[in-house]
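Have a look at the structure below, then the notes.
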């Protein structure tokens, strides 16, 4: 049985990698995990990747903090 577990969405992509943003803070897949995303092109294209980096950062690095 196929189990779909959505952990985030792709926010940046290139020819050799993609960057995803998690929906929940500190809920990224463990380093070394196999992840998959599906591109909705003419026919669905499945891309696989290995998690090799995880960071906590602002989406807008120059944004002023608001309390």
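In the working numbering, the protein residues as written are 148 to 214. Ideal Cβ placement from N, Cα and C applies to all residues, glycine included. Just so it is clear, the structure is predicted and the values come from calculations on it, not from any experiment.
query                                                                        : result
Whether residue 175 touches residue 155 by CB criterion (9 Å)                : yes
Alpha carbon of residue 193 to alpha carbon of residue 183, nearest angstrom : 7 Å
Separation of residue 178 from residue 200, as counted between CA atoms      : 7 Å
Identified DSSP bridge partners for residue 157                              : 167
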